[in-house]
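Student:
10 protein chains.
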Amino acid sequence: MEFLVRAENRLPPETPDDVRERLRAGERERAMQLRADGTLCRLWRVPGRNATLGLYQAPDAAALHDALASLPMWPWLDVHVEALATHPQER
Amino acid sequence: MEFLVRAENRLPPETPDDVRERLRAGERERAMQLRADGTLCRLWRVPGRNATLGLYQAPDAAALHDALASLPMWPWLDVHVEALATHPQER
Amino acid sequence: MEFLVRAENRLPPETPDDVRERLRAGERERAMQLRADGTLCRLWRVPGRNATLGLYQAPDAAALHDALASLPMWPWLDVHVEALATHPQER
Amino acid sequence: MEFLVRAENRLPPETPDDVRERLRAGERERAMQLRADGTLCRLWRVPGRNATLGLYQAPDAAALHDALASLPMWPWLDVHVEALATHPQER
Amino acid sequence: MEFLVRAENRLPPETPDDVRERLRAGERERAMQLRADGTLCRLWRVPGRNATLGLYQAPDAAALHDALASLPMWPWLDVHVEALATHPQER
Amino acid sequence: MEFLVRAENRLPPETPDDVRERLRAGERERAMQLRADGTLCRLWRVPGRNATLGLYQAPDAAALHDALASLPMWPWLDVHVEALATHPQER
Amino acid sequence: MEFLVRAENRLPPETPDDVRERLRAGERERAMQLRADGTLCRLWRVPGRNATLGLYQAPDAAALHDALASLPMWPWLDVHVEALATHPQER
Amino acid sequence: MEFLVRAENRLPPETPDDVRERLRAGERERAMQLRADGTLCRLWRVPGRNATLGLYQAPDAAALHDALASLPMWPWLDVHVEALATHPQER
Amino acid sequence: MEFLVRAENRLPPETPDDVRERLRAGERERAMQLRADGTLCRLWRVPGRNATLGLYQAPDAAALHDALASLPMWPWLDVHVEALATHPQER
Amino acid sequence: MEFLVRAENRLPPETPDDVRERLRAGERERAMQLRADGTLCRLWRVPGRNATLGLYQAPDAAALHDALASLPMWPWLDVHVEALATHPQER
Chain A
1 MEFLVRAENR LPPETPDDVR ERLRAGERER AMQLRADGTL CRLWRVPGRN
51 ATLGLYQAPD AAALHDALAS LPMWPWLDVH VEALATHPQE R
Chain E
1 MEFLVRAENR LPPETPDDVR ERLRAGERER AMQLRADGTL CRLWRVPGRN
51 ATLGLYQAPD AAALHDALAS LPMWPWLDVH VEALATHPQE R
Chain C
1 MEFLVRAENR LPPETPDDVR ERLRAGERER AMQLRADGTL CRLWRVPGRN
51 ATLGLYQAPD AAALHDALAS LPMWPWLDVH VEALATHPQE R
Chain V
1 MEFLVRAENR LPPETPDDVR ERLRAGERER AMQLRADGTL CRLWRVPGRN
51 ATLGLYQAPD AAALHDALAS LPMWPWLDVH VEALATHPQE R
Chain G
1 MEFLVRAENR LPPETPDDVR ERLRAGERER AMQLRADGTL CRLWRVPGRN
51 ATLGLYQAPD AAALHDALAS LPMWPWLDVH VEALATHPQE R
Chain U
1 MEFLVRAENR LPPETPDDVR ERLRAGERER AMQLRADGTL CRLWRVPGRN
51 ATLGLYQAPD AAALHDALAS LPMWPWLDVH VEALATHPQE R
Chain H
1 MEFLVRAENR LPPETPDDVR ERLRAGERER AMQLRADGTL CRLWRVPGRN
51 ATLGLYQAPD AAALHDALAS LPMWPWLDVH VEALATHPQE R
Chain X
1 MEFLVRAENR LPPETPDDVR ERLRAGERER AMQLRADGTL CRLWRVPGRN
51 ATLGLYQAPD AAALHDALAS LPMWPWLDVH VEALATHPQE R
Chain L
1 MEFLVRAENR LPPETPDDVR ERLRAGERER AMQLRADGTL CRLWRVPGRN
51 ATLGLYQAPD AAALHDALAS LPMWPWLDVH VEALATHPQE R
Chain W
1 MEFLVRAENR LPPETPDDVR ERLRAGERER AMQLRADGTL CRLWRVPGRN
51 ATLGLYQAPD AAALHDALAS LPMWPWLDVH VEALATHPQE R
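In the order they appear, the protein sequences are chains A, E, C, V, G, U, H, X, L and W.
The first sequence begins at 1 in my numbering and counts up one residue at a time.
The second sequence begins at 1 in my numbering and counts up one residue at a time.
The third sequence begins at 1 in my numbering and counts up one residue at a time.
The fourth sequence begins at 1 in my numbering and counts up one residue at a time.
The fifth sequence begins at 1 in my numbering and counts up one residue at a time.
The sixth sequence begins at 1 in my numbering and counts up one residue at a time.
The seventh sequence begins at 1 in my numbering and counts up one residue at a time.
The eighth sequence begins at 1 in my numbering and counts up one residue at a time.
The ninth sequence begins at 1 in my numbering and counts up one residue at a time.
The tenth sequence begins at 1 in my numbering and counts up one residue at a time.
1. With the cut-off set at 8 Å, would you say THR86 of chain L and ALA67 of chain X are in Cβ contact?
2. Please report the distance separating the alpha-carbon of ASP13 of chain A from that of VAL79 of chain V.
3. Using a 10 Å radius around the Cβ and a threshold of 16 neighbouring Cβ atoms, would you call PRO88 of chain A buried or exposed?
4. Can you tell me which residues form a DSSP beta bridge with GLY45 of chain U?
5. Would VAL81 of chain U and ALA83 of chain H be called neighbours here (beta carbons separated by less than 8 Å)?
6. Going along chain H, which residues have a C-beta under 7 Å from PRO47 of chain G?
7. Nearest-angstrom Cα distance between VAL19 of chain A and THR52 of chain H?
8. Taking beta-carbon pairs under 7 Å, can you tell me which members of the stretch 17-28 of chain E lie near chain C?
9. Leaving out five residues before and five after GLY38 of chain G in sequence, what residues of the same chain have Cβ atoms less than 8 Å from its Cβ?
10. Nearest chain A C-beta to PRO72 of chain W closer than 8 Å, yes or no?
11. Output the boundary residues of the beta strand (DSSP E) element that contains LEU4 of chain C.
12. What does HIS80 of chain L pair with, by DSSP beta-bridge criteria?
13. Could you work out which residues of chain L lie near PRO13 of chain W, taking near to mean beta carbons separated by less than 7 Å?
14. Around the Cβ of PRO59 of chain H, are there at least 16 other Cβ atoms within 10 angstroms (buried) or fewer (exposed)?
15. Is the Cβ-Cβ distance between GLY54 of chain A and ALA7 of chain A less than 8 Å?
16. Counting only Cβ pairs nearer than 8 Å, list the residues of chain L close to MET32 of chain X.
17. Cβ closer than 8 Å: which chain L residues qualify as neighbours of THR86 of chain H?
18. Between LEU34 of chain L and GLY48 of chain W, what straight-line distance do the alpha-carbon atoms span, to the nearest angstrom?
19. Measuring only between beta-carbons, confirm whether LEU40 of chain G sits less than 8 Å from chain E.
20. What's the C-alpha gap between LEU11 of chain X and GLU29 of chain C?
21. For chain E, find out if any of its Cβ atoms is closer than 8 Å to the Cβ of GLU90 of chain V; answer yes or no.
22. Have a look at the DSSP bridge pairing and note the partners of GLN57 of chain G.
23. CB-CB under 7 Å to TRP76 of chain W, same chain, minus the five flanking residues each way: which ones, in chain order?
24. What is the rounded straight-line gap between the Cα of PRO16 of chain G and the Cα of MET73 of chain H?
25. Would you mind reading off the limits of the alpha helix (DSSP H) that contains ASP17 of chain E?
26. Between ALA36 of chain H and the rest of its own chain, which residues show a CB-CB distance below 8 Å, the 5 nearest in sequence each way excluded?
27. For MET1 of chain A, is the classification buried or exposed, using 16 other Cβ atoms within 10 angstroms of its Cβ as the cut-off for buried?
28. For a contact defined as C-beta to C-beta under 8 Å, what are the partners of LEU55 of chain A on chain V?
29. So that I know if they touch, is there some Cβ in chain E lying closer than 8 Å to that of LEU68 of chain V?
30. May I ask you to list the residues that DSSP assigns as paired with LEU96 of chain U?
31. State yes or no: is the C-beta of GLU90 of chain W within less than 8 Å of the C-beta of LEU43 of chain X?
32. Please state the DSSP three-state secondary structure of LEU64 of chain A.
33. Is there a C-beta anywhere in chain L that falls below 8 Å from the one on GLU8 of chain H?
34. Please determine, among C:LEU40, C:LEU23 and C:LEU64, the residue with the shortest C-alpha to C-alpha distance to VAL135 of chain X.
35. Kindly indicate which three-state DSSP category PRO75 of chain A falls into: helix, strand or coil?
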C-alpha cells in the first residue's frame, strides 16, 4: 500500500553544525536503506522549506510508522501521512 | 489494517421522503453486509449532526474505498479517511 | 518539472447518469493521452472521496494548467497544485 | 458513554532519555490500569507522529478528564476530545 | 452531563414565509418541551447571525442527539457539540 | 451582558510546583471573588485540556477585560471572548 | 459598547436587478436611520468584495443583533461580530 | 500604491456557453483598459484553477475596489486583496 | 487611506517587569505621537487578550509599515493589516 | 517560470543586534545578486510584519529552492511558494 508523507523539519536553526551534520548524515544513510528495501519510493523537496514530500510503500500504517520513526531526524519531524488508494487506471 | 472514517451526509434537506427512505434502507442493508464481512467494525453518530464516525478494517486503502463507494448514500457523503497504526500496547 | 495535483470532483450527485458517463469516458481517454505524452506520471484515489492525487510533469505551470484544463471534467474540478523540487538524493 | 481522544505528545525532543523513559514507563503502567477498569478501550498510533487516537469509555466528561489528567505524560499532551453517540445500528 | 451546542440555521433565505413561520413555531414549542424536561438549560443568540449557542443537559451524547434531532428545524441546522466537564470549583 | 470565555492555560509544563501552586491558589481566590460579585456565572473544564469555558456577566467588554486581566494566571492564558445576545425565549 | 461587524453579502449574483435594487435602497435607508440614532458609527467596504466592515455602538449584544436583523439585506448577510473593549488610552 | 489581488471565478460550470463567452469577452476588454490606465500591472493564472493573481496599482483601496467592481465578471468573483508596501530595496 | 490593524502582543510572560514597563511607556509615548500626527485614529483592546485593534490612516501601506515598525513593542507584535475602502455612504 | 514567494522572518526578537545586522547585510547582498541574475524580480513588504512577498523567476522549483536556501536568513524564514502560470493576456 502507498502513502504520501509530508515531513516538516523542526530542528531549531540554532542547532550546532556538527549535531546537524551528524543527523543529516544518519538521515541520508537510513533513507538509502529505506529506498533499498522498497519502503521509500520517491522523495521531493517542498520548495523554499526545510520539508519533504515522500511516496512510501508499506504493508500497513504500523509498518510505515516504524520506518518513519527509524529516521534519526524523526524526533524533530512534523509528519502528516495520507493513505493512497490505487487508481483503477493503474490497476 | 484499520481506518477511522468520518462521513458527513450532505443529502439536501429538501430530498423527498421516499427517496431519503429508500437510500437509508439501502444504506442500512449495505452497512450490515460490511459488518458481516468484517469491514465495518464500529459506527458512531457525531452528536447533533447527520454524520458518522466509523472504524473500518480493510486490506488497504483501495479496498476501503471500494467498500465506502458501495454505500448507496456515497454520492452525498463527504468522507475523510485516517489511516490508523496498531499501538504497541495492543500488538 | 514535477507537480503534485489534488483534484476534488464537484460534479453534483444529481447529474444524470449518461452525462456523468460521457464525462468519465472522455476523462479516461484524455488521461490516457496525458500519460502517453509523459504529462501524467501517477494517479491515486483519495480513499473515500471522489477525488484524486496526481503526479504530473510539465515544462512549467502554464503547460500544466493547459493539460489540466483540457480534461472534460475540469469545469467541475477543484484543483490544488503544488510545485515539487527534485530532492538532492534523486538528482 | 464513549469518547474519541486525540493526543499529540509535545514532550520536547531535547528531553533527557532517562526523564523520557521514566515518563513512558509510568504512561504504560497507568494506561494498563485504565484498560483494566474499562476506561481505555482501544488505542492507535497516528502514523508518523508522536500521537495517539484512543477510544475511551467514561460516565461523563468530568470522569474522562480525571482519567486523562492522571496520565504522567498529561502536562505535555495536547488533547482533543470528541463525544460519540451510540449509533442506532449498534443499540 | 452538560454540553455546549452551537447551531447555525442554514434554512435558505428564499424559504416561503409560511414554511419558515411553521418551522419557527414548531421550534419554539419543542424548545419549550426540552426546557421543561431539563434538557435545554440556557439559549443565546450569536449576535448578527441566524445561530444559537445552547447549554444542554443529557445523560449522554446519544440522548443529546435525539433531543437535537427532534427539533423541526434540525434538517437545516449545522450543529457542533462540545462536551463539558464539571469544574472542581462547582462540584 | 453575558460573554462566553474560552481560556487555554499556556503555563509551561516545566514550571516549578511552588510557582504553579501559588498561581493556582491565587486563581481560585480571585475566581471566587468574581463569582461573588456576579461576574463569573459558570465555569467548565474543556475535557482533556488545561483549559476552561466560562460564562461571564459584565456591563461591557472593557469591564470583562479588566476582570479577566485581574486573574493571576492571565499572562499565561490564551483567551477568546464571544459576546452573547439574550435569546427572545429567555427575555 | 462598541462592536466591529463584518458582513459578507451572499445575495446570489443571479438575483433580478429590481429585487437587488429594492433591497439596496431599503438597506441604505435603514443604515441612515441606524447612523442617525448612533448605532452605526462608521462603515467601510472590504476592497474587492461585496462585503462591509462596520463600527457599531449598542447597549449590548442583543440590541446590536436587533439592529443588524432590521436590515432588509440581513437574510443574505453572513455576519461576524467582535466585541471591542475601550482602550485605556481613550478612556 | 500596489495591491495583490486573488480572484476565484465562481461562475457555475452550467452557465450557457454564450453567456460565458460574452462575460469573458467583456472581461478581456475591461482588463485591457485597466492595463492601459496603469491599474492592472501583471496578471497570472493560478495553475489548475479558474482563478487569477493580479498585481494592481491604485491611489487607494476605494479606487481599487471601483476598478475590480467594474469587471463584468465581478458578481461571480471571490476576491481577496492584500495591500503591499514598497520594499526599501526598491525605493 | 484607512487601515484596520490587529496586533497580538507576543512579549513572553516571563519578561522582567522593568523591561516590560519601559517598553509599555515607550509604546504609549509613540502611540500618542501617532495620534497627534493623525496616523492612529482609534484603538481598542481585544477583550481578554494582550492585543489591540486599531484604525490607522496613512498615505499608503509603506507609510503605515514605517509607523507600526516605529513602535518600541513592534519586534514582539504579530500584526495583521487590512486595507479599508471608503464606503459610498461616507464619501 | 515565475513563483510568488511569501517569507515570514522568524528570527527571535531577542537576537543580539550585531548578529541581526550581520544577517541583514548578508541578506541584502545576496538579494542584490539574485536581482542581478534575474531570479528575484520584485520584492514587497507585508505591511506591519517582518515578512516579504517576492516575485521570482527560475527554471524550475529546484532552482528556486536553491536560490532561497542561499539567503543567509533562510534558516529562520518560514517560506511558502506558489507556482504562477503565465496568463494568456500576457503571452
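Ideal Cβ positions, reconstructed from N, Cα and C, are used throughout, including at glycine.
Being a predicted model, the structure only gives us computed values, none of them experimental.
Tutor: Here's the rundown:
1. Going by C-beta atoms, THR86 of chain L is not nearer than 8 Å to ALA67 of chain X.
2. Just to set this straight, residue 13 of chain A is Pro in the shown sequence, not Asp. Roughly 28 Å between the two C-alpha positions.
3. Around the beta carbon of PRO88 of chain A, a 10 Å sphere encloses fewer than 16 other beta carbons of the protein chains shown; the residue is thus reported as exposed.
4. Before going further, note that residue 45 of chain U is Arg rather than Gly in the sequence given. Beta-bridge pairing by DSSP links ARG45 of chain U to G:ALA85 and U:THR52.
5. Going by beta carbons, VAL81 of chain U and ALA83 of chain H fall inside the 8 Å limit.
6. For PRO47 of chain G, the C-beta contacts it makes with chain H under 7 Å involve ALA61, LEU64, HIS65 and VAL81, in order along the chain.
7. Rounded to the nearest whole angstrom, the CA to CA distance from VAL19 of chain A to THR52 of chain H is 53 Å.
8. For the stretch 17-28 of chain E, which is checked against every Cβ of chain C, not one residue is closer than 7 Å.
9. Hits under 8 Å: GLN57.
10. So no, PRO72 of chain W is outside the interface.
11. Its beta strand (DSSP E) spans residues 2-9.
12. HIS80 of chain L is bridged to L:ARG6.
13. Correct list: PRO75 and TRP76.
14. Around the beta-carbon of PRO59 of chain H, fewer than 16 other beta-carbon atoms lie within 10 Å, marking it exposed.
15. The criterion of a C-beta distance shorter than 8 Å is satisfied by GLY54 of chain A and ALA7 of chain A.
16. Those do not exist, as MET32 of chain X stays about 24 Å from chain L at its closest Cβ, beyond 8 Å.
17. Against chain L, the beta carbon of THR86 of chain H has neighbours under 8 Å at TRP44 and ARG45, listed in chain order.
18. Distance between the alpha carbons of LEU34 of chain L and GLY48 of chain W: 15 Å.
19. With 8 Å as the cut-off, LEU40 of chain G does not count as an interface residue toward chain E.
20. Straight-line spacing of the CA atoms in LEU11 of chain X and GLU29 of chain C works out to 27 Å.
21. It does: the Cβ of GLU90 of chain V has a partner Cβ on chain E nearer than 8 Å.
22. Paired residues: G:GLU2.
23. Excluding sequence neighbours, TRP76 of chain W sits near ASN9, ARG10 and LEU11.
24. Straight-line Cα distance between these residues: approximately 16 Å.
25. It spans 17-36 - the alpha helix (DSSP H) in which ASP17 of chain E sits, taken as one unbroken run.
26. No residues qualify anywhere along the chain.
27. It is buried - the Cβ of MET1 of chain A has at least 16 other Cβ atoms within 10 Å.
28. Annotation: LEU55 of chain A has no Cβ neighbours in chain V at a cutoff of 8 Å; minimum Cβ distance is about 14 Å.
29. At least 8 Å separates the CB of LEU68 of chain V from every CB of chain E.
30. Because chain U spans 1 through 91 in this model, residue 96 of chain U falls outside it and cannot be assessed.
31. At the C-beta level, GLU90 of chain W and LEU43 of chain X come within 8 Å of one another.
32. Of the three classes helix, strand and coil, the one that applies to LEU64 of chain A here is helix, per DSSP.
33. No - not a single Cβ of chain L is within 8 Å of the one on GLU8 of chain H.
34. Within the shown structure, residues of chain X are numbered from 1 to 91, placing residue 135 of chain X beyond reach of any answer.
35. Here PRO75 of chain A sits in helix by DSSP.
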